[in-house]
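>
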Amino acid sequence: MKPPGLQHETASSGLKPLNLCGFGGLTAMAAEANGWLQAHPEDHTGRAADLNQYWYSSATIATLVGVVREHVLRVHHGCAFDCAFVSTPSLFFSLTAAERAGCRLLEYDETLCSADGCVRFDFHRPTALPQELRGAFKCVVIDPPFITRDVWQLYAQTARHLLPEEGGLLVLTTVIENAPMLAELLDARPNVYLPSIPNLPYQYSVYTNFKAPLLDSPNPEVPHDPAAFLASANAATASEAEVPLKGAGHAYDFEAMIEAELRRQGAASA
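If you use my numbering, the sequence shown corresponds to residues 793 to 1062, in order.
(1) Under the assumption that Y994 contacts L964 (Cβ atoms under 8 angstroms), give the Cβ distance between them as a whole number of angstroms.
(2) Taking all protein chains shown into account, decide if Q923 is buried (16 or more other Cβ within 10 angstroms of its Cβ) or exposed.
(3) Is the beta carbon of L962 less than 8 angstroms from the beta carbon of A876?
(4) Could you have a look at A854 and say whether DSSP puts it in helix, strand or coil?
(5) Starting from V943 and walking both ways along the alpha helix (DSSP H), at which residues does that stretch end?
(6) What distance in whole Å lies between the Cβ atoms of L883 and V867, which are believed to be in contact at a cut-off of 8 angstroms?
(7) What residue range is occupied by the uninterrupted beta strand (DSSP E) comprising E899?
(8) Going by C-alpha distance, which of V1014, A971, R896 is nearest D874?
(9) Run the CB neighbour count on E957, radius 10 Å, all protein chains shown included, and call it buried at 16 or more, exposed below.
(10) Is it buried or exposed, H863, if we count other Cβ atoms within 10 angstroms and call 16 or more buried?
(11) To which residues of the same chain is L921 closer than 6 angstroms at the C-beta, ignoring the five residues directly before and after it?
(12) Using 8 angstroms as the cut-off, can you tell me whether the stretch 900 to 907 makes contact with the stretch 926 to 934, which would need three or more C-beta pairs spanning the two stretches below that distance?
(13) What ranges does the beta strand (DSSP E) occupy inside the stretch 855 to 914, keeping only unbroken runs of at least 3 residues that lie completely in it?
(14) Within a Cβ cutoff of 8 angstroms, which residues of the same chain sit near G909, ignoring the five residues on either side of it in sequence?
(15) Assign F1021 to one of three DSSP states: helix, strand, or coil.
(16) Give me whichever residues DSSP pairs with L961 in a beta bridge.
(17) Keeping to the same chain, check which residues put their C-beta closer than 7 angstroms to that of I939; ignore five residues upstream and five downstream.
(18) So A971 is in the alpha helix (DSSP H); what residue range does that whole segment cover?
(19) How is P982 classed by DSSP in three states: helix, strand or coil?
(20) On a CA-only basis, which of L992, A1023, A1004, L1006 is nearest Y846? Give me that one, please.
(21) From H1016, Q945, H916, E824, pick the residue whose C-alpha is nearest to that of A975; which is it?
(22) To the nearest angstrom, report how far apart R926 and F1002 are at their CA atoms.
(23) S849 and S988: beta carbons closer than 8 angstroms?
(24) Please classify G827 as buried or exposed, where buried requires at least 16 other C-beta atoms within 10 Å of its C-beta.
(25) Just reading off the beta strand (DSSP E) that Y996 is part of, what are its end residues?
(26) State yes or no: is the C-beta of V984 within less than 8 angstroms of the C-beta of L1006?
(27) Smallest Cα separation from P982: which of A948, A1019, Y947, G960?
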């Protein structure tokens, strides 16, 4: 399969305008997302800790879902399904029931896999999926539980498996240090908009392989300077994206990540 490649949408693509103001806009989307978040508090104890489930804020969920709605759900395309939400349950469950009917959630957490449209997914077996899903999606959204290259290589296999031969749209979230790696693996680049993940001790970026106007503006929830983040992406190297892991469950080495974040912030303010 060809790499996903940069996707361009024009007036002839059948794109329907998305109303992002007033009723049905981002504020209403955030309110819907908040209901799911309240019903599913993060759990980092016992066996749940190995899952590394950290939720986006409700406003960030609204923005990322808004991107999918604008570029996928409101676009006429020839794929069997609209979007595969891979390890992103908070986004999938913030869609309406009608929208979820054309999408699928690929998720390992059994407590989240009982709803319609959910497919059990283990990233260690990146293409062990129902045959009907192969090449069937216009878009793939990914937020892996871990940030290292070996994990992203597996998720990249999943993305290529789910998208058609001619490629499709990608929305990805991970640390800015992974910018060179995601450019190499999936031809994706970081955006100005920085997602809020309130309980994560370091800052993520949103990567896409297409132009998304909703991601062109800073996120008021996040205090970091997006320009500094994008500059650090240009300076990053693939080796810097490799972050030590520890534990049988492949949990993050939080101390290493916090130290890296402090170094990045210090370099940005120097």
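Each residue gets a CB set at the ideal place from its N, CA and C atoms; glycine is no exception.
Taking the geometry as given:
(1) Stepping through the sequence shown from its first residue, residue 994 is reached at position 202. Stepping through the sequence shown from its first residue, residue 964 is reached at position 172. L964 and Y994 do not touch by the CB rule: their CB atoms are close to 16 angstroms apart, not below 8 angstroms.
(2) Residue numbering aside, residue 923 sits at position 131 when the sequence shown is read from its first letter. Q923 comes out exposed.
(3) By 1-based counting over the sequence shown, the position of residue 962 is 170. By 1-based counting over the sequence shown, the position of residue 876 is 84. Not in contact: L962 and A876 (Cβ atoms no closer than 8 angstroms).
(4) As a position in the sequence shown, residue 854 is number 62, starting the count at 1. It is helical.
(5) As a position in the sequence shown, residue 943 is number 151, starting the count at 1. Run containing V943: 941 to 954, per the alpha helix (DSSP H) assignment.
(6) Looking up residue 867 in the sequence shown gives position 75. Looking up residue 883 in the sequence shown gives position 91. V867 to L883, Cβ: 17 angstroms. No contact.
(7) As a first step, residue 899 is located in the sequence shown; it is residue number 107 there, counting from the start. Looking at the DSSP string, the run of the beta strand (DSSP E) that includes E899 is 896 to 899.
(8) Numbered from 1 along the sequence shown, position 82 holds the residue referred to as residue 874. The candidate whose alpha carbon is nearest that of D874 is R896.
(9) Position 165 of the sequence shown, counting from 1, holds the residue named residue 957. Around the beta carbon of E957, a 10 Å sphere encloses fewer than 16 other beta carbons of the protein chains shown; the residue is thus reported as exposed.
(10) Locating residue 863 in the sequence shown gives position 71, where the first residue counts as 1. It counts as buried.
(11) Locating residue 921 in the sequence shown gives position 129, counting from the first residue. Closer than 6 angstroms at Cβ, skipping near neighbours: no residue.
(12) They do not touch, by the three-pair rule.
(13) The beta strand (DSSP E) runs lying completely inside the stretch 855 to 914 and spanning 3 residues or more are 873 to 878, 896 to 899, 910 to 912, given in chain order.
(14) Within the sequence shown, residue 909 is the residue found at index 117, counting from 1. Counting only Cβ-Cβ distances below 8 angstroms, and skipping sequence neighbours, we find F884, R892, A893, C895, R896, L897.
(15) The residue labelled residue 1021 in the question sits at position 229 within the sequence shown. The DSSP-derived three-state label of F1021 is helix.
(16) Translated into positions along the sequence shown, residue 961 becomes position 169. The partner list for L961 (beta bridge, DSSP) reads C931.
(17) For the purposes of this step, residue 939 is identified with residue 147 of the sequence shown, where counting begins at 1. Residues T966, V967, N970, V1035 of the same chain have their beta carbon placed closer than 7 angstroms to that of I939, with the five preceding and five following residues left out of the count.
(18) Locating residue 971 in the sequence shown gives position 179, where the first residue counts as 1. From DSSP, the alpha helix (DSSP H) with A971 extends over 971 to 978.
(19) Translated into the one-based positions of the sequence shown, residue 982 becomes position 190. Three-state result, P982: strand.
(20) In the sequence shown, residue 846 corresponds to position 54, counting from 1. Considering only alpha carbons, the answer is L992.
(21) Within the sequence shown, the letter at position 183 stands for residue 975. For the residues H1016, Q945, H916, E824, the minimum Cα distance to A975 belongs to Q945.
(22) To locate residue 926, count along the sequence shown from 1; it is residue 134. To locate residue 1002, count along the sequence shown from 1; it is residue 210. Cα-Cα distance, rounded: 21 angstroms.
(23) Against the sequence shown, residue 849 aligns to sequence position 57. Against the sequence shown, residue 988 aligns to sequence position 196. Yes.
(24) If you number the sequence shown from 1, residue 827 lands on position 35. Under this definition G827 is an exposed residue.
(25) Position 204 of the sequence shown, counted from the start, is the residue given in the question as residue 996. Start and end: 996 to 1000.
(26) Stepping through the sequence shown from its first residue, residue 984 is reached at position 192. Stepping through the sequence shown from its first residue, residue 1006 is reached at position 214. No.
(27) Counting from one through the sequence shown, the residue named residue 982 turns up at place 190. It is A1019 whose Cα lies nearest to the Cα of P982.
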